[in-house]
Amino acid sequence: VLEKDPFETLDQEGVGELVRLAVERGRATRPKIELGICGEHGGDPQSIEFFEKVGLKYVSCSPMRVMIARLAAAQAALKLKKSSPVPGA
Numbered sequence: 130v131l132e133k134d135p136f137e138t139l140d141q142e143g144v145g146e147l148v149r150l151a152v153e154r155g156r157a158t159r160p161k162i163e164l165g166i167c168g169e170h171g172g173d174p175q176s177i178e179f180f181e182k183v184g185l186k187y188v189s190c191s192p193m194r195v196m197i198a199r200l201a202a203a204q205a206a207l208k209l210k211k212s213s214p215v216p217g218a
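With our numbering applied, the sequence shown covers 130 to 218.
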């Protein structure tokens with residue numbers, strides 16, 4: 130039984146692994162490729178954090194989720210920046 134509705138929050142261990150693999154293989158072929166996500170997952174904070182970790186560049190969502198998505202994207206970027214090692218430190 131899933132803890133979250135898979136139509137709202139991405140299953141990171143299942144579908145998320147496929148997304149990660151697609152990003153990895155796409156960038157191996159075209160390093161500057163712009164990749165993003167659209168739909169309900171583009172407005173879900175947990176999904177947005179995952180997308181930031183795997184390197185997606187943008188999310189697209191319904192108008193009612195834009196404010197939540199912007200805040201979640203900013204928080205995810207800051208969280209990832211904090212957890213990344215600082216070059217030269």
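Each residue gets a CB set at the ideal place from its N, CA and C atoms; glycine is no exception.
Only a predicted model underlies this, so the values are computations on that prediction, with no experimental measurement involved.
For the beta strand (DSSP E) containing residue i, name the first residue and the last one.
i, result
"Val152", "Looking at the DSSP string, Val152 is not in any beta strand (DSSP E); the run it does join, the alpha helix (DSSP H), is 144–158."
For residue i, name the three-state secondary structure that DSSP assigns.
i, result
"Val130", "coil"
"Gly168", "coil"
"Ser191", "coil"
"Thr138", "coil"
"Lys186", "coil"
Please classify residue i: is it buried, with 16 or more other beta-carbons within 10 angstroms of its beta-carbon, or exposed?
i, result
"Ser212", "exposed"
"Leu131", "exposed"
Hey, could you find the ends of the alpha helix (DSSP H) residue i is sitting in?
i, result
"Arg181", "It is worth fixing the name first, because residue 181 is Glu in this sequence and not Arg. Here the alpha helix (DSSP H) through Glu181 covers 174–183."
Pull up the distance between the alpha-carbon of residue i and that of residue j, whole angstroms please.
i, j, result
"Thr138", "Ile162", "25 Å"
"Glu153", "Leu200", "26 Å"
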